[in-house]
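Engineer: First the structure, which I've put down as structure tokens, then a few questions once you've had a look.
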Amino acid sequence: MAIQKKLILDSDLLDITLSRLCQQLIETHNDFAESAILGMQPRGIYLAELIHQKLEKALRKKINLGYLDVTFHRDDFRRREIPVKANETRVPFLIENRNVVLIDDVLFTGRTVRAAMDAMIAFGRPKKVELLVLIDRKYNRDLPIAPDYVGKVVNTLASQRVQVEWQAQGNKQNKIWLINQE
Amino acid sequence: MSRLSQKHLLGIKDITRQDIELIFETADNFKDVINRPIKKVPSLRDVTVANVFFENSTRTRLSFELAQKRLSADVINFSASNSSVKKGETLLDTVNNILAMKVDMIVMRHASPGAPHYLSRHIKANIVNAGDGTHEHPTQALLDTFSIREKLGGVEGKKIAIIGDILHSRVALSNIFALQKLGAKVMVCGPPTLLPKYIAQLGVQVELDVMKALQWCDVANVLRIQLERQQIKYFPSLREYSLYYGITKKILDSLKKQIVIMHPGPINRGVELSSDAADSHHSIILDQVENGVAVRMAVMYLLAGQI
Chain E
1 MAIQKKLILD SDLLDITLSR LCQQLIETHN DFAESAILGM QPRGIYLAEL
51 IHQKLEKALR KKINLGYLDV TFHRDDFRRR EIPVKANETR VPFLIENRNV
101 VLIDDVLFTG RTVRAAMDAM IAFGRPKKVE LLVLIDRKYN RDLPIAPDYV
151 GKVVNTLASQ RVQVEWQAQG NKQNKIWLIN QE
Chain P
1 MSRLSQKHLL GIKDITRQDI ELIFETADNF KDVINRPIKK VPSLRDVTVA
51 NVFFENSTRT RLSFELAQKR LSADVINFSA SNSSVKKGET LLDTVNNILA
101 MKVDMIVMRH ASPGAPHYLS RHIKANIVNA GDGTHEHPTQ ALLDTFSIRE
151 KLGGVEGKKI AIIGDILHSR VALSNIFALQ KLGAKVMVCG PPTLLPKYIA
201 QLGVQVELDV MKALQWCDVA NVLRIQLERQ QIKYFPSLRE YSLYYGITKK
251 ILDSLKKQIV IMHPGPINRG VELSSDAADS HHSIILDQVE NGVAVRMAVM
301 YLLAGQI
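Residue numbers (full-length UniProt numbering), protein chains in the order written: chain E, 1 to 182; chain P, 1 to 307.
In structure tokens, the structure reads:
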């Protein structure tokens, strides 16, 4: 069977969604004085950067942004064929006592988020941790993890795949696809 | 690609340039980890590693053990001096007994060249060679080249002189392989009696005059005179060796350019390297030690991915 692709979010709709997410973040975090944004490697960082830009523009101030790689904290190491390649972790601020917003593009089983919380604790004890995802794949969670901010909820089958194309990765436009795989 | 081409790390000769680059990229991340307040990751929490040392070691063993602990592996240590090896047990029996206790990975140092290669043909566990006689010491070469890459921004095209007791040095051989695979130019320098006869066939330059070698190179990797492996006299006295081949701050200052001084340790201060040279800004000896932990974490992490 041929691969079927369905567009979930296009560039314009994505922009509206991101603006809404930023408004919601500002509602909770006010001016981000006690807060920070942590994008999850490898693809969550593009979303984190877009949100970071929008927030800095809206609030007219610098906001803490970091990148978190969870490779060494994954629970599927030695259970998959090929080990996952690690990426850069950069946390240029103190996590201790801060409100941290973890950002990833797609929430699926929740295992990456669990690993991320584990990885983050190595930098200190945050006051509060929240999770922001662009796409929440409902009905696919392996762990009791729920996002605080959601771009769009999508009902998907485990056999399907969500493909996120970021401009920053060299794609023409930001686009999110749902792909059926046989 | 994010996996090594080999199941064991027996020597640099057996691995590819891609393997070395993968180890470096992974070590970059681990170096970041060991500089955090919490220096530990849970990757190898279900792996047991045995450090089997049939020969003395301080640095390498501590470095391996720290690397294992920072990866959350379970570690057992074994040294031949207080074991049944003294009672006449064979190498294979000793290792099989350790493996019967459900050990996944063996880090081994042995006085006989080829001992880990022999072992790899008979056991299932992953083996990391931590030095086999005068043959290879792969993790040392990896941390040396990693340190050069860090200090000079790359290894390709750089000129590295390995100075001292080349004949008895496993560090020299592994370094030659690693540097050549990464595209560096290699020169060996030492008294003729301490240079292996056919070393030039490895494609390295041979130089007897240490001043010429220092003027040529970007990095000087200074090796220790391994008196414990020398059954006959290769030079009249240590004092004479130090006069002709010892590197001092004065010599380094007389060069027209800045070079980097490395040493795999332990240093015989005042013999191959004077104190003021070893402690000068030229030296990256302590960086090598720090990088050793990160590189060994990377090697064990990547090998464990294949258990």
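For every residue, glycine included, the Cβ atom is placed at its ideal position computed from N, Cα and C.
State yes or no: is the beta carbon of PRO42(E) nearer than 8 Å to at least one beta carbon in chain P?
Structural biologist: The count along the first sequence starts at 1 and reaches residue 42(E) at position 42. Not one chain P Cβ lies under 8 Å of PRO42(E).
Engineer: Bridge partners for THR48(P) per DSSP, in chain order?
Structural biologist: Counted from its first residue, the second sequence places residue 48(P) at position 48. In the DSSP output, where bridge partners are listed per residue, THR48(P) has ASP74(P).
Engineer: Tell me whether the stretch 39-54 of chain E and the stretch 271-279 of chain P touch, counting them as touching only if at least three CB pairs, one residue from each stretch, are closer than 8 Å.
Structural biologist: Not touching, per the Cβ criterion.
Engineer: I'd like the list of long-range same chain contacts for ILE63(E), defined as Cβ closer than 7 Å, with 5 residues on each side in sequence excluded.
Structural biologist: Within the first sequence, the letter at position 63 stands for residue 63(E). Here the set comprises PHE32, ILE37, HIS52, LEU55 and GLU56.
Engineer: Beta carbon of LEU179(P), beta carbon of VAL186(P): below 8 Å?
Structural biologist: Position 179 of the second sequence, counting from 1, holds the residue named residue 179(P). Position 186 of the second sequence, counting from 1, holds the residue named residue 186(P). Contact: yes.
Engineer: I'd like to know whether the C-beta atoms of VAL41(P) and SER72(P) end up nearer to each other than 8 Å.
Structural biologist: Your numbering for residue 41(P) matches position 41 in the second sequence. Your numbering for residue 72(P) matches position 72 in the second sequence. Result yes, Cβ atoms of VAL41(P) and SER72(P) sit closer than 8 Å.
Engineer: Where do the N-terminal and C-terminal ends of the alpha helix (DSSP H) with ALA277(P) fall, by residue?
Structural biologist: Counting from one through the second sequence, the residue named residue 277(P) turns up at place 277. 275-278 is the extent of the alpha helix (DSSP H) around ALA277(P).
Engineer: Determine the DSSP secondary structure at SER300(P), reduced to helix, strand or coil.
Structural biologist: Within the second sequence, residue 300(P) is the residue found at index 300, counting from 1. A small correction: the amino acid at residue 300(P) is Met; Ser does not occupy that position in the sequence shown. In the structure shown, MET300(P) sits in a helix (DSSP, three-state: H, G or I).
Engineer: Assuming MET105(P) contacts ALA125(P) (C-beta within less than 8 Å), just tell me the rounded distance between them.
Structural biologist: Locating residue 105(P) in the second sequence gives position 105, where the first residue counts as 1. Locating residue 125(P) in the second sequence gives position 125, where the first residue counts as 1. The Cβ separation is near 6 Å, so the contact holds.
Engineer: Under 8 Å between the Cβ atoms of VAL52(P) and ILE23(P)?
Structural biologist: Within the second sequence, numbered from 1, the residue matching residue 52(P) stands at position 52. Within the second sequence, numbered from 1, the residue matching residue 23(P) stands at position 23. Contact: no.
Engineer: Under DSSP, the alpha helix (DSSP H) around ASP253(P) begins and ends at which residues?
Structural biologist: The residue labelled residue 253(P) in the question sits at position 253 within the second sequence. Here the alpha helix (DSSP H) through ASP253(P) covers 249-254.
Engineer: Along chain E, which residues have their Cβ under 8 Å away from the Cβ of HIS32(P)?
Structural biologist: Looking up residue 32(P) in the second sequence gives position 32. It should be pointed out that residue 32(P) corresponds to Asp in this sequence rather than to His. By Cβ distance, chain E contributes GLU88 and THR89.
Engineer: Cβ closer than 9 Å: which chain E residues qualify as neighbours of PHE126(P)?
Structural biologist: Position 126 of the second sequence, counted from the first residue, corresponds to residue 126(P). Looking at the sequence provided, one finds Asn at residue 126(P) rather than Phe. In chain order: nothing, as chain E lies at least about 12 Å away.
Engineer: Tell me which residue opens and which closes the alpha helix (DSSP H) that GLY44(E) is part of.
Structural biologist: Position 44 of the first sequence, counted from the first residue, corresponds to residue 44(E). Start and end: 44-59.
Engineer: Give me whichever residues DSSP pairs with LEU68(E) in a beta bridge.
Structural biologist: Position 68 of the first sequence, counted from the start, is the residue given in the question as residue 68(E). Its beta-bridge partners are MET40(E).
Engineer: How long is the line joining the alpha carbons of ASN56(P) and ARG74(E), rounded to whole angstroms?
Structural biologist: If you number the second sequence from 1, residue 56(P) lands on position 56. If you number the first sequence from 1, residue 74(E) lands on position 74. Rounded to whole angstroms, ASN56(P) to ARG74(E) spans 36 Å at the Cα level.
Engineer: Hey, how far is the Cα of PHE177(P) from the Cα of TYR67(E)?
Structural biologist: Start at 1 with the first residue of the second sequence, and residue 177(P) comes out as number 177. Start at 1 with the first residue of the first sequence, and residue 67(E) comes out as number 67. Using only the alpha carbons, I get a separation of about 36 Å.
Engineer: Leaving out the 5 sequence neighbours to the left and right, which residues in its chain are closer than 7 Å to LEU18(E) when beta-carbon positions are compared?
Structural biologist: Numbered from 1 along the first sequence, position 18 holds the residue referred to as residue 18(E). Excluding residues within five positions, the ones whose Cβ falls inside 7 Å are LEU50, ILE51 and LYS54.
Engineer: Applying the criterion that 16 or more other CB atoms from any shown protein chain within 10 Å of the CB defines a buried residue, is GLU207(P) buried or exposed?
Structural biologist: Working through the second sequence from its first residue, we reach residue 207(P) at position 207. GLU207(P) should be labelled buried.
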